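Taking full-length UniProt numbering, I'd label the letters of the sequence shown as residues 1 to 340.
Below is one structure, written out as structure tokens; comments come after it.
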Amino acid sequence: MRGRAALVALGLAAGQGAGQGAAADGLRLALLHSELSREGPGLLLRDAAEGRAPVAAIIARIVAARPDALMLAGLDHDAEGLALAAIQARLAEAGHPMPHALHPPTNAGLPSGLDLDGDGRPGEPEDAHGWGRFRGQGAFALLAAHPLEPRADLSAREWGAAAPPGEEGRRVSSSAHVSADLVLPEGRLTLVAFHADAPAFRPTSPLRNAAELALGAELVEGACPAFAVLAVTNLDPADGDGIGGAMRAFLDRPDLRDPRPAAPPSHSDPGHEGDPALDTALFDGPSGPGGLRTDYVLPAAVLPIAGAALERPADPADPSRHALVRVDLALPDALPPCEP
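This is the structure:
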């Protein structure tokens, strides 16, 4: 196993030989920021085991989309992977088993040993490598109907000499930056997954967000020729906080495609420049930025795209402000060769 990511491959009886997505002759990739993260350890496991309404709403959205591989963000991490296993069990019970998973530990809540906000009280959520009330809060998992093999993990990379003032001794990744190979009959397809911190709240936040995007680009460089980026970058190329040019440059990479998944918008932001149909999240509080494109599924340029769409939340019990992003790929008979 490469890196420190914990591989969870549960051989659920209902999942053996199953799990084909809605893309009958291809592969469906999806990303959903579930916002299922809880305020204390063990609470998500309780809610998933009991099938409480927020969890049930997220399960229903995943089952309706029927992805072959999914990045599920906002999923608290525990050392034994029990909350993830409970989510997988719910998916299997609902008829869409995803028995293979990669659930990397997160830097959120991981103590840095520093007083990063300078308030004289080290050990607060703001002082962790990634903001978090407890170690493991707000992690993510890759789930799949096909086997996953860890490829690379850059989550422990530190700023070093490049650290801006206030970030010395902190890791670049606020959550995790990993890649894993999806082992398909056609060959290997690398999934590059990361969740960047929002480019707000601290003076250095825009720089850190851009650095996390660059770290994701480094994972792409080590991927198979057939790859896809599944990422919550928290960065809109046209609107909101942050260095939008960094996102635009990432989307313009010649080795990937932006399928621009869209859906009719549920909001209006007259002051925004971007197309609201592309917004994947709605932050509509009194001081919120409104609709933003923060969630991305970006396949390699060598992969034919058969379709793409956003599926916005509709259930009042749904805890997420994010659309499910899905992209369908029309796979060739054989993917470009790639070594594990």
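The beta carbon of each residue, even a glycine, is placed where N, CA and C say it ideally should be.
Note that the coordinates shown come from a computational prediction; the quantities given were computed from them, not determined experimentally.
Check                                                                                                                                                             : Outcome
Span of the alpha helix (DSSP H) holding Ser155?                                                                                                                  : Ser155 -> no alpha helix (DSSP H), and no H or E assigned at all.
For the beta strand (DSSP E) that contains Pro299, what are its first and last residues?                                                                          : Asp295 to Pro299
So what does DSSP say about Ser179, is it helix, strand or coil?                                                                                                  : strand
Could you check what DSSP says for Ile62 in three-state terms: helix, strand or coil?                                                                             : helix
Classify Pro261 as buried or exposed, calling it buried when 16 or more other Cβ atoms lie within 10 Å of its own Cβ.                                             : buried
For the alpha helix (DSSP H) containing Phe227, name the first residue and the last one.                                                                          : Looking at the DSSP string, Phe227 is not in any alpha helix (DSSP H); the run it does join, the beta strand (DSSP E), is Phe227 to Val232.
Cα separation between Leu70 and Asp258?                                                                                                                           : 17 Å
Quick one: any contact between the region 106-125 and the region 84-97, if contact means 3 or more CB pairs under 8 Å?                                            : no
Please state whether DSSP places Ala30 in a helix, a strand or coil.                                                                                              : strand
State the Cα-Cα distance for the pair Val192 and Leu219, rounded to the nearest angstrom.                                                                         : 7 Å
Using DSSP's beta-bridge definition, name the partner residues of Ala193.                                                                                         : Val178 and Leu230
Give the DSSP-derived three-state secondary structure of Met71 in the structure shown.                                                                            : strand
Do the region 234-243 and the region 194-209 touch if we need at least three Cβ pairs shorter than 8 Å?                                                           : yes
According to the neighbour-count rule (16 or more other Cβ atoms, all chains shown, within 10 Å of its Cβ), is Pro54 buried or exposed?                           : buried
Shortest alpha-carbon distance to Glu212 belongs to which of Leu278, Pro203 and Val232?                                                                           : Val232
Considering Cα atoms alone, identify which of Arg28, Ala277 and Ala334 is closest to His146.                                                                      : Arg28
Can you find the residues in the same chain that come closer than 6 Å, C-beta to C-beta, to Leu184, ignoring five residues on each side of it along the sequence? : His146
Between Leu82 and Ser34, how many whole angstroms is the CB-CB distance? I'm expecting something under 8 Å.                                                       : The pair is not a contact, with the Cβ atoms about 17 Å apart (cut-off 8 Å).
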